[in-house]
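Working notes for the structure below.
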Amino acid sequence: METIAPSQASIFVIFGGTGDLNRRKLVPALYNLFLDDCMPSKFSIIGTGRSTLSDEEFRQKLLDGINKFSRSGKADPEKWKTFSSNIFYQVSHVSDTEAYKEFGKRIQRHEKEWNQKACVIYYMAVSPNFFPVIAENIAKSGLANDPEHCRIVVEKPFGNDLESSKSLNKLLTGIFTEEQIYRIDHYLGKETVQNIMAFRFANSLFEPLWNRNYIEHVQISVTEQLGVESRGDYYDNAGALRDMVQNHILQLLCLIAMEPPGSFSADEVRSRKVDVLRAMRKFTPEDIRHSAVRGQYAKGWIEGEEVVGYRQEDKVDPKSNTETFAAIKFFVDNWRWQGVPFYLRTGKRLHQSSSIVTIQFRDVPHYIFPPEAIESWQQNRLIISIQPEMSIRMQVQAKKPGLDMLLNTVEMVFDYKSSYTSYTPEAYETLLLDTMIGDQTLFMRGDQVEAAWELLMPILTTWANKKSMSFPNYSADSWGPELAEALIAKDGFHWFALPLNGKK
Ligand code: BG6
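In terms of the working numbering, the sequence shown is residues 292 to 795.
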């Protein structure tokens, strides 16, 4: 693999250093970048948190995380030794200003030792209520004085609604320039998600068909078998709309619906995505009744194991009104998409963990074949499977071999497994490398986040104000509430799923 190691020294200061995200995702990603020679020759990772730990104890925790969660498996002892000599721990509380002075001193010590200025990346892997205090303390301690050498990474959720996202943007942009702010949406770092742009804009085949004249409807389905796991307290205040739709799913929709950008520059790409969000039809109370369905899971069986209902999960209100499932029909009101429905669905404890985008093309304008020639008939479909299967499938009609003219549906498949032997980097590897290089293409700009909140606010407010009387309304291992089927069935369609491991 060609190496693209950043030339500039980098220092990560990770708030939430002892947390799950750092152990499961961030440090394994940095370690894999290191194995692939994609880390700068000089780097340092300073984790910080409230627990008292020595550097060695901290490293051991991170090593356990790598051994358990890294795509490259257990760490190689020699490589780990070199990599981990760059990891340090500093005990601190986010509101303790002295700690920030200590970060400053550490940074200076590194820069002196390396004899060069480093790019310092402050990573907020903490609960969102700490984002403001961290940003303010970085500013107060003079750590944000050099915009060329300082970046801040903000994890989701970015705000809890339109108003809070606006105030967070206001606060951050009062301290940092937009070019210094990296708002993470890890879906954008996924290999298959990045490929949507390549597929659309590096081929001339699709663009002429990519509009209301040829596309009948679009489905984006992100289903999960997992429940809320240990995150009941977070999730019960979030729900499926905030957790998945406001960010990951609307970003997928933007990639499908955006106009071709003039270039692959961060701002061009992000501006075209904002255009989509702004063109999306606003929901009236009447639309919400007809076009949005919510659900909450009841107990059931998943893969032979009995699982509890959402209201029985740890740290969840036993009378919770939080949705663990959402299905919504959107429209994008512009020339390209007028009248084409975009159906989205997402939920926890569903039958399959799978993320797919399906584009269904219009039927042929006229049938020339007699009814007896049709063994099976399906309109053309393009299925972009994001995970777990990574593939793009084109479903077309073809003649079945034989003496008769008999038509059925066949697939042309581009499958990552058979097309590439190289490994697939994890989303966080791509995103962390981009923060070091300074490429914001795969990060959310402030106006994008706000436009997405603005679109969802009417549904969020309506659902919060009107408790669902039917919750829980779907059992674990199902495809969600029946009303979600009805939402799409009344337009004459049904939700598509790919059979996984032979399981439909
Ligand atoms: C996170 C959500 O952003 O994305 C989780 O908070 C969800 O609830 C996860 O499970 C899904 O990500 P992935 O990469 O597993 O599809």
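Note that CB positions come from ideal geometry on N, CA and C, so glycine has one too.
Since residue i contacts residue j with CB under 8 Å, what's their CB separation in whole angstroms?
i: Tyr478; j: Val444; result: Wrong, their Cβ atoms sit about 16 Å apart, outside the cutoff.
i: Leu723; j: Ala320; result: 5 Å
i: Gly239; j: Phe349; result: In the structure as shown, the chain begins at 292 and stops at 795. Residue 239 is therefore absent and cannot be evaluated.
i: Thr514; j: Gly638; result: 6 Å
i: Ser634; j: Ile429; result: Position check: residue 634 holds Tyr in this sequence, whereas Ser was assumed. Incorrect: roughly 42 Å between the Cβ atoms, too far for contact.
i: Arg561; j: Gln739; result: 6 Å
What first and last residue would you give for the alpha helix (DSSP H) that runs through residue i?
i: Leu532; result: Segment: none, Leu532 is in no alpha helix (DSSP H) and carries neither H nor E.
i: Asn428; result: 422 to 431
i: Phe621; result: No alpha helix (DSSP H) holds Phe621; the beta strand (DSSP E) holding it covers 616 to 621.
i: Asp695; result: Counting along the chain, Asp695 falls outside any alpha helix (DSSP H), and DSSP gives it neither H nor E.
i: Tyr526; result: 523 to 527
i: Val560; result: 557 to 570
Would you report the Cα separation of residue i and residue j, rounded to the nearest angstrom?
i: Lys403; j: Ile378; result: 17 Å
i: Ile412; j: Ala767; result: 41 Å
i: Pro749; j: Gly450; result: 16 Å
i: Glu745; j: His401; result: 43 Å
i: Val318; j: Ala390; result: 22 Å
i: Lys370; j: Thr309; result: 22 Å
i: Glu666; j: Ser646; result: 29 Å
i: Ser682; j: Ser709; result: 10 Å
i: Phe652; j: Glu550; result: 18 Å
i: Pro656; j: Leu791; result: 33 Å
i: Ser456; j: Pro423; result: 11 Å
i: Ile659; j: Lys690; result: 14 Å
i: Glu498; j: Phe492; result: 8 Å
i: Met292; j: Thr373; result: Only weak support exists for where Met292 lies, its pLDDT of 48 falling under 50; the value from the coordinates is given anyway. Each residue's alpha carbon lies about 21 Å from the other.
i: Gly395; j: Ser432; result: 8 Å
i: Ala300; j: Tyr322; result: 16 Å
Per DSSP, what kind of secondary structure is residue i in: helix, strand or coil?
i: Thr726; result: helix
i: Ser611; result: coil
i: Met330; result: coil
i: Ser766; result: strand
i: Ile593; result: strand
i: Met748; result: helix
i: Asn502; result: coil
i: Ser386; result: coil
i: His477; result: helix
i: Asp706; result: strand
i: Glu776; result: helix
i: Glu402; result: helix
i: Trp786; result: coil
i: Met292; result: With a pLDDT of 48 at Met292, under the threshold of 50, the modelled position of this residue cannot be trusted, and the question is left open.
At what residues does the beta strand (DSSP E) containing residue i begin and finish?
i: Met488; result: Taken as a continuous stretch (DSSP letters only), Met488 belongs to no beta strand (DSSP E), being part of the alpha helix (DSSP H) at 482 to 492.
i: Gln351; result: Careful: Gln351 lies outside any beta strand (DSSP E), inside the alpha helix (DSSP H) at 346 to 360.
i: Gln516; result: No beta strand (DSSP E) holds Gln516; DSSP gives it neither H nor E.
i: Gln629; result: Run containing Gln629: none; DSSP gives neither H nor E here.
i: Leu673; result: 672 to 678
i: Thr649; result: 645 to 652
i: Ala300; result: 300 to 306
i: Ile412; result: 409 to 415
i: Ala583; result: 583 to 586
Using a Cβ-Cβ distance cut-off of 7 Å, determine whether residue i contacts chain C.
i: Pro609; result: Of the protein chains in this structure there is only one, and it is not chain C.
Contained alpha helix (DSSP H) runs [length at least 4] in the region 431 to 471, N- to C-terminal order: The region 431 to 471 contains these whole alpha helix (DSSP H) runs: 453 to 466.
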